[in-house]
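In the working numbering, the protein residues as written are 16 to 497. Don't be surprised by glycine CBs; every beta carbon is placed ideally from N, CA and C. In this text, all values refer to a predicted model and were calculated from it rather than measured experimentally. Heads up: the structure comes next, in structure tokens.
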Ligand SMILES: Cc1cc2nc3c(=O)[nH]c(=O)nc-3n(C[C@H](O)[C@H](O)[C@H](O)COP(=O)(O)OP(=O)(O)OC[C@H]3O[C@@H](n4cnc5c(N)ncnc54)[C@H](O)[C@@H]3O)c2cc1C
């Protein structure tokens with residue numbers, strides 16, 4: 016086992032509930048898997064990775080607390096579709112052999128329970144639709160279906176697009192009141208319905224108040240799904256202000272501690288915050304999450320990646336498109352014009368030019384000091400000690416207000432709903448448990464609906480890039496058990 020994985024995972028998870036026994040067991044097994052068998056196994060199936068490992072969720076507090084002590088965010092060649100491809104090949108081969116059949120446009124509405132065990136599923140057949148991947152499809156019911164089975168594995172995903180459900184589960188005691196406005200970081204089929212159906216049939220669910228929502232959401236200027244939000248994967252240099260114009264303190268720095276920052280933002284009584292940065296920072300540090308925002312990596316073409324990220328002028332094309340068209344962006348040559356533009360976007364929460372200027376000037380002064388006391392300047396220098404960050408992710412430290420680094424850019428950041436860290440309670444084999452902890456015969460669950468394994472193998476916090484790994488690991492365990 017890698018020496019750093021387990022303490023980082025456990026420090027971030029903070030398991031502290033009696034019902035964390037199964038999630039913890041799954042987490043321990045997953046860390047072993049990820050540090051050993053996972054890479055060669057996935058490579059043997061044809062998966063490949065971008066060679067520069069990213070450093071997400073750095074923590075920024077105590078050594079035994081949340082965060083990655085080393086870079087470990089691996090990007091797959093082909094992004095999400097590249098993760099799915101090897102499994103799709105296996106599934107299609109099984110279908111060609113007559114060992115598997117698909118039920119596209121079949122929506123499960125009920126689990127069939129007989130003699131206390133799940134014996135199949137029933138639901139609605141929806142009218143065919145030609146919408147592209149991720150886009151909303153019609154929900155017109157054309158008939159019903161029923162399918163009997165010795166075992167059912169639920170893999171219906173999380174709750175992130177169902178904002179009523181997100182708000183109902185929101186951990187107000189830990190994070191403060193739920194935001195009034197969120198953008199949706201997942202398609203609208205991520206609606207949590209199947210989780211409710213399983214619960215109504217007798218399944219137990221745990222840790223539903225543990226969620227992973229981001230603080231760097233943009234309203235997509237070219238949306239695929241309703242209220243579509245895109246997350247910025249930030250490098251460490253943008254200066255981060257809350258809605259009142261107060262620069263946020265460590266660990267609320269870009270890329271350090273998602274939930275601490277979420278709580279800090281909500282403590283202002285507003286849902287948004289601000290990045291202020293330079294053209295130099297956006298060019299080197301802004302990446303956007305999602306396969307369609309990374310056409311070079313999604314196509315898996317080296318030449319395109321080098322052109323877009325290393326040799327190109329300006330930021331990658333999808334980032335430049337947001338800068339031009341996105342409703343959350345303000346670009347200006349002077350700070351006073353920038354702040355005026357920010358205040359036009361949020362007239363209900365204007366920020367004060369003199370206050371913003373004083374904080375950035377104080378920050379900029381620390382650039383001249385090799386022993387800087389500013390936590391973010393220290394973090395930027397530390398990031399550049401890692402070759403991967405220095406090469407493609409962290410701009411050389413520079414003064415924000417030096418016009419030579421401009422123009423200035425302000426980005427209004429929205430809360431973006433994404434992942435459910437809790438869900439259906441399972442044992443390490445994916446067997447769903449009833450609320451009293453006994454097995455619910457015939458029912459298994461894997462992936463996000465099961466909190467990526469066990470009912471929440473991340474505990475309270477994710478290290479990032481650990482969601483698809485949990486889907487693969489818990490799916491394999493459930494498949495083998497069935
Ligand atoms: C933009 C974006 C970027 C991401 N980036 C990363 C990343 O870099 N690394 C990482 O690890 N994770 C990432 N994630 C998270 C990860 O993609 C998800 O957690 C993961 O795909 C969940 O997989 P799943 O199979 O459990 O559920 P899903 O992928 O949501 O699939 C669930 C399926 O079940 C179907 N379904 C739901 N209800 C029913 C029903 N009642 N009847 C029939 N079918 C139903 C849905 O239509 C869907 O096809 C990202 C997610 C998004 C949206």
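query	result
Alpha-carbon to alpha-carbon, residue 394 and residue 252	9 Å
Length of the line joining the Cα atoms of residue 197 and residue 138	31 Å
Inter-residue Cα distance where the pair is residue 219 and residue 467	15 Å
Top-ranked residue by Cα proximity to residue 424, from 352, 486, 388	352
Residue 94 versus residue 271 - alpha carbon distance	23 Å
First and last residue of the uninterrupted beta strand (DSSP E) at residue 567	The structure shown does not extend to residue 567, since the chain is modelled only from 16 through 497, so no value can be given for it.
For residue 434, the residue or residues it bridges with in DSSP	227
Member of 355, 493, 342 whose CA lies at the smallest distance from the CA of residue 428	342
As assigned by DSSP and simplified to three states, the class of residue 291	strand
Through-space distance from residue 461 to residue 262, alpha-carbon basis	41 Å
Length at least 3, wholly inside the segment 208-271: the beta strand (DSSP E) runs in chain order	226-234, 244-248, 254-257
Proximity test, residue 291 beta-carbon vs ligand 1 heavy atom, cut-off 8 Å	no
Ligand 1 heavy atom lying under 8 Å from the CB of residue 264	no
Cβ neighbours of residue 358 in the same chain (closer than 7 Å, five flanking residues each side left out)	365, 366
Residue 477, buried or exposed, once every other Cβ within 10 Å from all chains shown has been counted against 16	buried
Endpoints, the alpha helix (DSSP H) within which residue 397 is located	390-398
Of the residues 433, 91, 307, 286, the one placed nearest residue 192, counting alpha carbons only	286
Straight-line gap, residue 174 to residue 180 (C-alpha atoms, nearest Å)	7 Å
Check whether residue 213 and residue 169 have beta carbons under 9 Å apart	yes
Neighbourhood of residue 16 by C-beta distance below 8 Å, restricted to the same chain and skipping five residues each side	Bear in mind that a pLDDT of 43 at residue 16, under 50, signals an unreliable position, so the model cannot answer this.
Identity of the residue in 269, 470, 415 nearest residue 377 by Cα	415
Cα-Cα separation between residue 202 and residue 295, rounded to whole angstroms	32 Å
Alpha-carbon spacing of residue 465 relative to residue 232, whole angstroms	25 Å
Residue 491 (DSSP reduced to helix, strand or coil)	helix
Check: residue 117 C-beta below 8 Å from any heavy atom of ligand 1	no
Residue environment, residue 20, which counts as buried when at least 16 other CB atoms sit within 10 Å	buried
Backbone secondary structure at residue 159 - three-state DSSP	strand
For residue 125, the first and last residue of its enclosing beta strand (DSSP E)	121-129
Whether residue 290 touches residue 254 by CB criterion (9 Å)	yes
Own chain residues within Cβ distance below 6 Å of residue 61, not counting five before or after	101
Nearest-angstrom beta carbon gap, residue 470 and residue 222 [assumed within contact, 8 Å]	6 Å
Test item: CB-CB of residue 22 and residue 474 under 9 Å	no
Residue-level contact to chain C via CB, residue 402, 9 Å cutoff	Included in the structure is just one protein chain, with no chain C present.
Local conformation of residue 454 per DSSP, three classes	strand
Distance CB(residue 82)-CB(residue 248) smaller than 9 Å	no
Other residues of its chain near residue 387: CB distance less than 8 Å, five sequence neighbours each side excluded	381, 393, 396
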